[in-house]
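J.: After the structure tokens below, expect a handful of questions from me.
Protein chains: 2
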Amino acid sequence: MALVPPFPDRADDTATVSSVVELLEVLWGGGREMDARPVSVSQLRVLYVLAESGGINLRTLTGALDSSPSSVSRLCDRLEAAGLVQRTASTTSRRELELHLTPTGLAFLADLRSARERALAEVLDDMSPAERGALLTGLNAFRTAAARRAEAGADVVPVARTA
Amino acid sequence: MALVPPFPDRADDTATVSSVVELLEVLWGGGREMDARPVSVSQLRVLYVLAESGGINLRTLTGALDSSPSSVSRLCDRLEAAGLVQRTASTTSRRELELHLTPTGLAFLADLRSARERALAEVLDDMSPAERGALLTGLNAFRTAAARRAEAGADVVPVARTA
DNA sequence: TATTGTTATACTCTATAACTATA
DNA sequence: TATAGTTATAGAGTATAACAATA
Numbered sequence: 000m001a002l003v004p005p006f007p008d009r010a011d012d013t014a015t016v017s018s019v020v021e022l023l024e025v026l027w028g029g030g031r032e033m034d035a036r037p038v039s040v041s042q043l044r045v046l047y048v049l050a051e052s053g054g055i056n057l058r059t060l061t062g063a064l065d066s067s068p069s070s071v072s073r074l075c076d077r078l079e080a081a082g083l084v085q086r087t088a089s090t091t092s093r094r095e096l097e098l099h100l101t102p103t104g105l106a107f108l109a110d111l112r113s114a115r116e117r118a119l120a121e122v123l124d125d126m127s128p129a130e131r132g133a134l135l136t137g138l139n140a141f142r143t144a145a146a147r148r149a150e151a152g153a154d155v156v157p158v159a160r161t162a
Numbered sequence: 000m001a002l003v004p005p006f007p008d009r010a011d012d013t014a015t016v017s018s019v020v021e022l023l024e025v026l027w028g029g030g031r032e033m034d035a036r037p038v039s040v041s042q043l044r045v046l047y048v049l050a051e052s053g054g055i056n057l058r059t060l061t062g063a064l065d066s067s068p069s070s071v072s073r074l075c076d077r078l079e080a081a082g083l084v085q086r087t088a089s090t091t092s093r094r095e096l097e098l099h100l101t102p103t104g105l106a107f108l109a110d111l112r113s114a115r116e117r118a119l120a121e122v123l124d125d126m127s128p129a130e131r132g133a134l135l136t137g138l139n140a141f142r143t144a145a146a147r148r149a150e151a152g153a154d155v156v157p158v159a160r161t162a
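Written as structure tokens, this is what we have:
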């Protein structure tokens, strides 16, 4: 059973958000999704990107994941072996690739999203309608603000201090 | 620069939450915090637990992380080598350990939390007071409901489908 | 004998650097 | 030559299984 971090001592806005972030980090930050489960978090990130922008080359995917070409190449090796992703020769350049989700990959992503939404629905059902409404209003606004800053190139949530 | 997933097609509550989860996953799901940064996500989870419950043994820590003893033992090897965690002989049983954050480990965690809260504050500043209030009300309620379910042993957010 | 912690082995993920092929 | 992609190598994380020491 996962540990649940404590409520923040201060009635501070940022501390509240931070504590929820830490809650989620502990709850599904474990690496055991490599175990009985078919797809790791890293592979999942690839699927997210390809679902949104199919047909991109490896270099573009590398940029979207903020990773390195070799790592992404190996990720694609395994995803291709798993039948979730397909490497196709580019029509414009013979040294580039086109990366696509296979129908299996698309179905997998759809199933995963369903499962997550089902699990989230259980939590949301434990909240009052007013609380739920506040959460959704707040999250949508947060999402808009975070996306705005991410597009500007800012680090929205640093994982560790720089010094 | 990180990719930003699209807004959900449906005006569905769970899809909204799910899309925020995916946003965060892409934004700070990258593994490059192993690079120039001092502590990995896995190590960070250890610090969270030890900050909350210092003096526990390796078995208890393993349970809190929902991991395996060997993985946690190796994690502690590196955290001890980094000077963030300390293994001490238990006072009650000679085959058990007591795990503690060192002063360095505690200071590190405090600094990290400050940095995160500073970054989050930038996003929150981009939101209206009403939106911010809604977010905090909603997150606190979500947190309570999620903790309730986590304590009951439920998987709050499955990473991949079971089938 | 059962439990705590560590080590042996094997896999995924990550990165830098070297390499092949194309532009 | 510069770029796209792959492979070589090395380090960290994860897990199962075998092991030592203790209860």
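Protein sequence lines correspond, in order, to chains E and U.
Residue 145 in numbering that gives the first Met the number 0 sits at position 146 of the first sequence, with consecutive numbering throughout.
Residue 82 in numbering that gives the first Met the number 0 sits at position 83 of the second sequence, with consecutive numbering throughout.
Glycine included, C-beta positions come from ideal geometry on N, C-alpha and C.
Please read these numbers as outputs of a predicted model, since none were measured by experiment.
Report buried or exposed for Gly104(U), applying the criterion of at least 16 other Cβ atoms within 10 angstroms of its Cβ.
T.: Gly104(U) is buried by the Cβ-count criterion.
J.: For Met126(U), which residues in the same chain have their Cβ closer than 8 Å to its Cβ, ignoring the five residues on either side in sequence?
T.: Taken in chain order, the residues that qualify are Leu134.
J.: Starting from Thr101(U), find everything on chain E with Cβ-Cβ shorter than 8 Å and list it in chain order.
T.: Simply none; closest approach about 16 Å.
J.: Below 6 Å, is the gap between the Cβ of Leu83(U) and the nearest heavy atom of the ligand GDP?
T.: The ligand GDP is not among the ligands present in this structure, which contains no ligands whatsoever.
J.: Taking only three categories from DSSP, how would you classify Ala129(E)?
T.: Reduced to three states, the DSSP call for Ala129(E) is helix.
J.: Does the stretch 81-100 of chain E come close enough to the stretch 44-58 of chain E that 3 or more CB-CB pairs lie under 8 Å?
T.: Yes, since at least three Cβ pairs between the stretch 44-58 of chain E and the stretch 81-100 of chain E fall closer than 8 Å, the two stretches touch.
J.: Give me the residue from Asp65(E), Gly137(E), Ala63(E) and Gln42(E) with the minimum Cα distance to Asp76(E).
T.: Comparing Cα-Cα distances from Asp76(E) to each of Asp65(E), Gly137(E), Ala63(E) and Gln42(E), the minimum goes to Gln42(E).
J.: Tell me, please, which residues DSSP counts as bridged to Gln42(E).
T.: DSSP, once it has assigned bridges, lists no residue as partnering Gln42(E).
J.: If you draw a straight line from the C-alpha of Pro37(E) to the C-alpha of Leu74(E), how long is it?
T.: Going from the Cα of Pro37(E) to the Cα of Leu74(E) covers about 13 Å.
J.: Indicate whether Glu130(E) and Ala140(U) have their beta-carbon atoms separated by less than 7 Å.
T.: Yes. Within cutoff.
J.: Mind checking which residues open and close the beta strand (DSSP E) that includes Leu98(E)?
T.: That run of the beta strand (DSSP E) goes Leu96 to Leu100.
J.: Compare the C-alpha of Ala109(U) against each of Thr136(U), Leu83(U) and Asp65(U) and name the closest.
T.: Comparing Cα-Cα distances from Ala109(U) to each of Thr136(U), Leu83(U) and Asp65(U), the minimum goes to Leu83(U).
J.: Taking the beta strand (DSSP E) that Thr87(E) belongs to, which residues open and close that run?
T.: Counting along the chain, the beta strand (DSSP E) containing Thr87(E) begins and ends at Val84 to Ala88.
J.: Where do the N-terminal and C-terminal ends of the alpha helix (DSSP H) with Ala58(U) fall, by residue?
T.: Note that residue 58(U) is Arg in the sequence shown here, rather than Ala. Counting along the chain, the alpha helix (DSSP H) containing Arg58(U) begins and ends at Leu57 to Leu64.
J.: To the nearest angstrom, how far is the alpha carbon of Ser67(E) from that of Glu79(U)?
T.: Their backbone Cα atoms lie some 29 Å apart in a straight line.
J.: Determine the DSSP secondary structure at Thr103(U), reduced to helix, strand or coil.
T.: Of the three classes helix, strand and coil, the one that applies to Thr103(U) here is helix, per DSSP.
J.: Output the boundary residues of the alpha helix (DSSP H) element that contains Arg73(U).
T.: Pro68 to Ala80 is the extent of the alpha helix (DSSP H) around Arg73(U).
J.: Helix, strand or coil for Ser113(U) per DSSP?
T.: The answer is helix: DSSP assigns Ser113(U) an H, G or I state.
J.: In chain U, which residues lie less than 9 Å from Gly137(E) when you measure between Cβ atoms?
T.: Those within 9 Å of Gly137(E) in chain U are Met126, Glu130, Arg131, Gly132, Ala133, Leu134, Leu135, Thr136, Gly137 and Leu138.
J.: Which of the three DSSP states, helix, strand or coil, is assigned to Thr91(U)?
T.: DSSP places Thr91(U) in coil when its eight states are reduced to three.
J.: Using 8 Å for Cβ pairs, my map puts Arg148(U) next to Glu121(E). What's the rounded Cβ distance?
T.: Confirmed, about 6 Å.
J.: Taking Cβ-Cβ distances shorter than 7 Å, what residues in chain E pair up with Ala144(U)?
T.: Ordered by position in chain E, the residues that pass the 7 Å Cβ test against Ala144(U) are Val122, Asp125 and Met126.
J.: With a threshold of 7 Å between beta-carbons, can Arg148(E) be considered close to chain U, or not?
T.: With 7 Å as the cut-off, Arg148(E) counts as an interface residue toward chain U.
J.: For Gly62(E) and Leu123(U), I'd like the C-alpha separation in whole angstroms.
T.: If I take the Cα positions, the gap works out to 27 Å.
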